[in-house]
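A short write-up of the structure that comes next.
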Amino acid sequence: MEPPETIDAGAVVLRRWQPQWVDEATTAIRESLPELKPFLAWARDEHDADATRAFIEKSAESWADGTEFTYAMFDTTGDLVGAIGMMTRMGPGVIEIGYWIRTSYAGRGYMTAAVGALTRVARTLPGIDRVAIRHDAANAASGAVAAKAGFVEVERVTRDPEAPSQTDTEIIREYRA
Ligand SMILES: CC(C)(COP(=O)(O)OP(=O)(O)OC[C@H]1O[C@@H](n2cnc3c(N)ncnc32)[C@H](O)[C@@H]1OP(=O)(O)O)[C@@H](O)C(=O)NCCC(=O)NCCS
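Letter by letter, the sequence shown follows residues 139 to 315 of our numbering.
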């Protein structure tokens, strides 16, 4: 089960993470912290290049062992505008998609396009029959992206909040063609 290293999503292109993007990714994350911190537990004020480097190294390992396939997103001018990935942690047959956008590129439909393209890829992977997105019940932006990309709510689960704006409720959505 190995997806393509580059995925064309129209307005954005997804590229498997590479070490040479450490500095640009760190800048993108740091300038987006006010929007990332509320719902992403890994996004912290102290985020630095070492943290990004560790993330990219882990991404390479996870890609190699087939557990996660993460991509940086670039616009048509080559700017790094966010990230998106596929994860197998929900178990056999299921791909979970997660994402964040660089704040200065938010609201342009980039993430909706990226989720659509990655969902099409996920559905072609051998043994995969469901594609899911999980987001906090208070995360309206993530819910809107998922809904626009064709994901419908299938379940609500209670779990401990891990980021400042998270509630105790997570919504699980699945793609419906
Ligand atoms: C979720 C996130 C990626 C959305 O990025 P984005 O650039 O707004 O995405 P898009 O431009 O594709 O927007 C898709 C839709 O969401 C809507 N939307 C965006 N923010 C919204 C909000 N706060 N409330 C309701 N809808 C919202 C947009 O209006 C758009 O719909 P429209 O085209 O009908 O107007 C971005 O807000 C983000 O990175 N958030 C922090 C990280 C995060 O929460 N990741 C997901 C964890 S589960």
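Here a beta-carbon is modelled for each residue, glycine too, at the ideal position from N, C-alpha and C.
- Look at P230: its beta carbon is at least 8 Å from all of the heavy atoms in ligand 1.
- Taking C-alpha positions only, G245 is separated from A251 by approximately 12 Å.
- For P302, the CB stays at least 8 Å from every heavy atom of ligand 1.
- Non-local C-beta neighbours of L263 in its own chain, meaning closer than 6 Å and more than five positions away in sequence, comprise M139, ordered along the chain.
- Here W238 is actually not in contact with A210; their C-beta atoms are around 11 Å apart, not less than 8 Å.
- Residue state for L152 is assigned as strand, using DSSP reduced to three classes.
- With a 10 Å radius around the Cβ and a threshold of 16 neighbouring Cβ atoms, D298 comes out exposed.
- Sorting I309, V160, S170 by C-alpha distance to the C-alpha of A270 places I309 at the top.
- With a 10 Å radius around the Cβ and a threshold of 16 neighbouring Cβ atoms, S242 comes out exposed.
- G148 counts as exposed, since fewer than 16 other C-beta atoms from the protein chains shown sit within 10 angstroms of its C-beta.
- For G236, the uninterrupted beta strand (DSSP E) segment begins and ends at 232-239.
- Of the candidates I233, P230, A284, V292, the residue whose Cα lies closest to the Cα of G254 is A284.
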